[in-house]
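According to our numbering, the sequence shown holds residues 1 to 303 in order. Worksheet: the structure to be examined is printed underneath.
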Amino acid sequence: MKRSVKGWGLWVLVAALALVAAACGGDDETAETTPAETAAPTTVAAPTTFDLVAAVDAYAAAIPEGFNAVGDITAFKDAMTAGGVLVIDVREAAEYAEGHIEGAINIPLRTLTENLDKIPTDRQVFVYCQSGHRAGMALSSLGMLGYTNVTSFPPGWAGWTEAGEAASTVEATAETFAVPDMPEAMFAAVDSFLTTIPEGWLSAGDAAKVNDAIGAGAFMLDVREPSEYAEGHVPGAMNVPLRQLAGMLDTIPTDSSVISYCKSGHRQAMSVPMLHVLGIAGAKGFPGSWQAWSAAELPVEST
């Protein structure tokens with residue numbers, strides 16, 4: 001007997017429902033689930049915030065005696081002849097081309113962060129400029145990025161030539177090195193500082209200009225040690241030793257011009273990048289520092 005179309009459709013529907021029931025199983029609550037079917041719980045690590053102030057504080061506190069500077073030309077030359085030393089001239093390319101220390105490579109100060117692959121971490125590195133100010137800024141900028149093998153030559157090109165040392169105009173070829181890991185936030189802060197340094201290199205000028213700036217309301221920051229400060233300082237200057245800049249940040253104004261100084265200019269140059277990274281956007285340095293102030297016979301205060 002032939003099935004009617006209507007009956008055939010009903011039979012197909014019943015069969016389909018039976019197949020679905022068989023596929024799904026008749027006891028869903030007790031059916032086993034394979035490990036692949038179970039979503040493993042996801043553990044999300046709590047985000048960590050990089051403490052820029054603490055990082056600068058750690059760098060500053062570890063600055064050794066001598067403040068990573070070699071001011072004696074003989075000692076500097078002896079170090080260079082010891083072998084394995086890299087010398088970096090952080091002046092502008094035009095200055096370098098006119099004459100430089102033989103073998104020194106040229107990495108202008110504002111381009112340091114884009115040329116980190118030219119700076120090793122496992123060899124002695126010396127930085128110099130014209131008179132020490134830019135070299136000091138390069139020193140602390142690299143120091144905050146984790147380079148512990150960098151030393152400044154504060155006399156710079158001026159001191160080198162005044163001593164009658166030889167000059168070279170042959171461009172030295174830079175090697176390539178692996179760039180060390182460093183916190184992104186610190187790199188960004190140092191990079192932002194270096195690449196935006198204005199003309200004048202954040203120098204407050206000579207003693208007369210600094211004295212005028214004081215009259216206009218500039219805040220003077222003495223980054224020498226307390227014993228040096230006690231023997232004599234610029235009137236009204238606040239003493240915040242270089243190694244304690246981050247720890248005493250709340251004593252430094254953020255809404256006015258800040259001029260740092262030390263004894264001869266090296267420490268004040270180191271302080272400028274640190275102050276900017278710490279958020280003191282109005283910070284400049286007094287390259288001549290206490291020696292120039294005293295020589296100008298300007299007012300002195302002691303405690």
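All C-beta atoms in this analysis are idealised placements derived from N, C-alpha and C, irrespective of residue type, glycine included. Please read these numbers as outputs of a predicted model, since none were measured by experiment.
Find the nearest neighbour of residue i within the set the options, judged by alpha-carbon distance.
| i | options | result |
| --- | --- | --- |
| Glu102 | Thr121, Tyr128, Leu109 | Tyr128 |
| Trp160 | Thr169, Glu175, His100 | His100 |
| Arg134 | Tyr147, Ile197, Ala178 | Ile197 |
| Ile105 | Thr121, Thr111, Glu98, Val87 | Val87 |
| Asp298 | Ile214, Ala281, Thr251 | Going by the sequence as given, residue 298 is Leu instead of Asp. Answer by Cα proximity: Ile214. |
Give the DSSP-derived three-state secondary structure of residue i in the structure shown.
| i | result |
| --- | --- |
| Ala296 | coil |
| Ser353 | Residue 353 cannot be examined here, being either before or after the span of the chain that is shown, 1 to 303. |
| Gly236 | coil |
| Phe67 | coil |
| Val258 | strand |
| Ser203 | strand |
| Ser168 | strand |
| Ser302 | coil |
| Ala158 | helix |
| Val85 | coil |
| Val125 | strand |
| Gly279 | coil |
| Leu245 | coil |
| Gly285 | strand |
| Leu221 | strand |
| Ile197 | coil |
| Ile105 | strand |
Suppose you measure from the CA of residue i to the CA of residue j; what does that come to, to the nearest Å?
| i | j | result |
| --- | --- | --- |
| Trp293 | Thr113 | 34 Å |
| Thr74 | Ala216 | 42 Å |
| Val90 | Pro226 | 31 Å |
| Ser181 | Arg123 | Reading off the sequence, residue 181 comes out as Asp, not Ser. Computed Cα separation, rounded: 17 Å. |
| Tyr147 | Leu139 | 9 Å |
| Tyr261 | Met220 | 8 Å |
| Ala18 | Thr49 | Summary for Ala18: the model assigns pLDDT 40, below 50, so the residue's position carries little reliability; its value from the coordinates is reported in the next sentence. For Ala18 and Thr49, the distance between alpha carbons rounds to 59 Å. |
| Ala93 | Ser302 | 43 Å |
| Met80 | Glu95 | 21 Å |
Just mark residue i as buried or exposed, buried being the case when its beta carbon has 16 or more other beta carbons within 10 Å.
| i | result |
| --- | --- |
| Val234 | buried |
| Val190 | buried |
| Gly143 | buried |
| Gly265 | buried |
| Asp27 | Reliability of the predicted coordinates at Asp27 is poor, the pLDDT of 38 falling under 50, and the value obtained from them is presented with this limitation in mind. When all chains shown are included, Asp27 counts as exposed. |
| Ala60 | buried |
| Ser256 | exposed |
| Ala237 | buried |
| Gly156 | buried |
| Asp57 | buried |
| Gly136 | buried |
| Pro287 | buried |
Look at the Cβ atom of residue i, then the Cβ atom of residue j, and state whether they are nearer than 8 Å.
| i | j | result |
| --- | --- | --- |
| Ser203 | Gly285 | yes |
| Ser271 | Leu242 | yes |
| Gln268 | Val223 | yes |
| Ala55 | Met186 | yes |
| Val53 | Asp117 | no |
| Phe153 | Val70 | yes |
| Val258 | Leu275 | yes |
Comparing the C-beta of residue i with each C-beta of chain C, is any distance below 8 Å?
| i | result |
| --- | --- |
| Ala296 | The structure shown contains no chain C; it is built from a single protein chain. |
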